[in-house]
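Each residue of the sequence shown is one higher than the last, beginning at 1 in the numbering used here. Beta carbons are placed, not taken as given, at the ideal position from N, Cα and C, and that holds for glycine. The structure presented is a predicted model; accordingly, all values stated were derived computationally and were not measured. Presented below is the structure to which this report refers.
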Amino acid sequence: MQTLVVNVGSSSLKLGFYTYQAGRLLCTVMEQYPISAQDPATRISEFTEAHANGPVDAAVHRIVHGGNRLSATCFIDEDVEHTIAILRSLAPLHNPAALKWVRACRRALGEEVPQIAVFDTAFYQDLPEVAKRYALPQRWIKQYSIRRYGFHGLAHQAMLRRWCELSPTGGAIGRVISLQLGSGCSITAIQDGKAVDTSMGFSPQEGLIMATRAGDIDTGLVLYLQEQEGMTSQAMQRTLNEHSGLLGISGFSGDMRKLLASSEASAQLAIDIYCYRVRKYIGAYLAALNGADAILFGGGVGQNAPKIREKILQGMQWSGIVLDADANNAAQGKEARISTNKSPVAVWATSSDEATVMAQQAVALISESSG
């Protein structure tokens with residue numbers, strides 16, 4: 001069985017092939033591209049021609065928002081596609097792009113090749129009521145299916161799985177705080193393998209400061225600015241999604257690499273606020289979990305920026321987090337424990353291999369459907 005993995009993010013595209021034979025799942029190729037104007041069907045055709053080893057049996061897509069109706073991995077039919085489209089206003093940077101690639105795969109690979117959706121929100125379907133409920137009138141909650149959905153679920157699952165493999169103790173799952181720090185950023189509190197809280201909410205805008213997304217913001221301020229600027233809701237949404245966050249604070253970039261290399265005061269302020277916000281969330285989740293056994297850093301920033309990890313965790317020895325400066329500095333683009341061996345909380349830089357989780361869930365669905 002050969003499966004094409006299509007992972008469209010807010011700033012990049014990943015395409016890969018996985019084969020499943022004799023009970024083993026193997027990644028044969030994985031490539032990353034910047035989001036560009038190239039026709040998606042052409043990109044898929046070229047990638048398939050260059051890397052496919054025979055017929056493609058299925059294509060699996062990461063879908064950021066599945067809402068209440070789409071809570072588990074499924075085949076993409078007309079009804080599923082319609083639901084994903086309806087949810088585009090809640091994930092404007094992701095759902096429309098994912099649908100574009102679903103349709104491109106159909107054109108490039110043929111109608112007979114199954115398309116499979118794997119949802120970032122699925123990991124958070126069973127969040128405790130105290131974590132998923134907003135303090136809004138019950139009528140709105142019921143009528144509009146309002147809740148905290150959570151996102152980046154595949155990345156957090158991947159980090160957890162990888163830590164279990166890397167941990168010298170065999171990765172006995174207890175209390176874990178995982179951080180996905182990339183263009184989009186989120187943090188999740190996990191108890192015995194289940195998500196109990198997460199920073200993103202009804203949409204991927206809530207929570208940590210991101211490259212171009214504002215994260216947590218006073219709703220009164222949003223209403224005030226909308227009135228003062230005479231903005232439509234669509235214009236406000238674009239500003240909060242595309243012109244805020246690190247870009248908004250620094251005034252010139254949402255790319256953490258550029259900010260770290262800059263001598264501008266605004267760049268340093270953006271980094272300071274970013275790290276402070278992450279540290280506050282870690283403190284909150286230490287309270288929610290009654291401590292932690294492990295903290296996991298993943299994503300482009302989380303795995304490749306030792307200075308950011310150090311700045312986030314500075315002064316947290318009181319909570320049992322003791323960073324190993326040398327190990328942290330050496331862990332740039334590779335997996336490693338970055339806390340001291342005596343640190344009560346194990347801190348790791350880990351990969352967030354969403355593609356493997358996607359391929360695993362696709363194979364499981366195909367196997368289940370074939371009896």
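Which residues mark the beginning and the end of the alpha helix (DSSP H) in which residue i is found?
| i | result |
| --- | --- |
| Leu225 | Thr219 to Glu229 |
| Glu310 | Pro306 to Leu313 |
| Arg161 | Gly153 to Leu166 |
| Met358 | Glu354 to Ser369 |
| Ala50 | Pro40 to His51 |
Any idea which residues DSSP pairs residue i with across the strands?
| i | result |
| --- | --- |
| Arg148 | Arg148 is not bridged to any residue. |
| Thr19 | Gln2 and Leu26 |
| Asp197 | Ala189 |
| Val60 | Val5 and Ile116 |
| Leu13 | Val8 and Tyr33 |
| Val347 | Ile295 |
| Ala330 | None; Ala330 has no bridge partner. |
| Lys323 | For the record, residue 323 in the displayed sequence is Leu; it is not Lys. Beta-bridge pairing links Leu323 to Ser339. |
Just confirm the distance between the C-beta atoms of residue i and residue j, as a whole number of angstroms; I'd bet it's less than 8 Å.
| i | j | result |
| --- | --- | --- |
| Ala98 | His61 | 6 Å |
| Ala294 | Val176 | 5 Å |
| Ser253 | Leu260 | Not a contact, Cβ separation roughly 10 Å. |
| Leu296 | Met159 | 5 Å |
| Ile209 | Tyr149 | No, Ile209 and Tyr149 are not in contact; Cβ-Cβ is about 20 Å, not under 8 Å. |
| Gln180 | Ala155 | 4 Å |
| Ser203 | Leu323 | About 33 Å separates the two Cβ atoms, so there is no contact after all. |
| Pro92 | Gln237 | 6 Å |
| Met1 | Thr28 | Rounded, the Cβ-Cβ distance is 12 Å, inconsistent with contact. |
Rounding to the nearest angstrom, what Cα-Cα distance links residue i and residue j in this structure?
| i | j | result |
| --- | --- | --- |
| Ile217 | Ser367 | 44 Å |
| Leu269 | Gly302 | 19 Å |
| Asp126 | Gly67 | 13 Å |
| Thr212 | Arg69 | 29 Å |
| Thr188 | Ala327 | 24 Å |
| Leu4 | Gln228 | 48 Å |
| Val64 | Gln157 | 14 Å |
| Ile249 | Ser266 | 7 Å |
| Gly193 | Ala355 | 19 Å |
| Ser262 | Leu166 | 35 Å |
| Ala325 | Ser370 | 51 Å |
| Lys258 | Ala305 | 12 Å |
| Lys342 | Ala336 | 15 Å |
| Asp255 | Gly201 | 23 Å |
| Lys307 | Gly207 | 21 Å |
| Pro344 | Ala22 | 40 Å |
| Arg279 | Leu365 | 38 Å |
| Ala122 | Ser339 | 31 Å |
| Gln115 | Gly283 | 41 Å |
| Tyr224 | Pro96 | 29 Å |
| Asp353 | Leu25 | 14 Å |
| Tyr144 | Arg133 | 13 Å |
| Ala50 | Glu31 | 12 Å |
| Pro128 | Thr42 | 44 Å |
| Lys142 | Val196 | 22 Å |
| Trp348 | Thr198 | 19 Å |
| Ser12 | Ile35 | 5 Å |
| Glu111 | Ala117 | 16 Å |
| Gly300 | Lys334 | 11 Å |
| Asp379 | Ala59 | Nothing about residue 379 can be reported from this structure: the residues present for the chain run from 1 to 371 only. |
| Ala161 | Val357 | For the record, residue 161 in the displayed sequence is Arg; it is not Ala. Going by the C-alpha atoms only, they are around 9 Å apart. |
| Cys105 | Trp318 | 51 Å |
| Arg107 | Ser45 | 9 Å |
| Pro168 | Gly245 | 37 Å |
| Pro40 | Gly16 | 14 Å |
| Leu109 | Val56 | 8 Å |
| Ala287 | Val222 | 29 Å |
| Gly251 | Arg277 | 19 Å |
| Ala330 | Asp77 | 47 Å |
| Glu310 | Gly320 | 15 Å |
| Lys14 | Trp140 | 37 Å |
| Ala292 | Gly174 | 8 Å |
| Ala72 | Ala235 | 32 Å |
Tell me where the beta strand (DSSP E) around residue i begins and ends.
| i | result |
| --- | --- |
| Lys342 | Element bounds for Lys342: n/a, residue is neither H nor E. |
| Gln180 | Arg175 to Leu181 |
Would you check whether the ligand HEM has a heavy atom nearer than 7 Å to the C-beta of residue i?
| i | result |
| --- | --- |
| Tyr134 | The ligand HEM is not part of this structure, which contains no ligands at all. |
Spell out whether any CB of chain B is found under 8 Å from the CB atom of residue i.
| i | result |
| --- | --- |
| Gln115 | You won't find chain B in this structure, because it holds only one protein chain. |
- [ ] Run through the segment 226-294 for me and flag every whole alpha helix (DSSP H) of 4 or more residues, listed as ranges in chain order.
- [x] 233-242, 245-250, 256-261 and 265-289
- [ ] Give, in chain order, every unbroken run of the beta strand (DSSP E) that is at least 3 residues long and sits entirely within the segment 62-138.
- [x] Segments of the beta strand (DSSP E) lying fully in the segment 62-138: 115-119.
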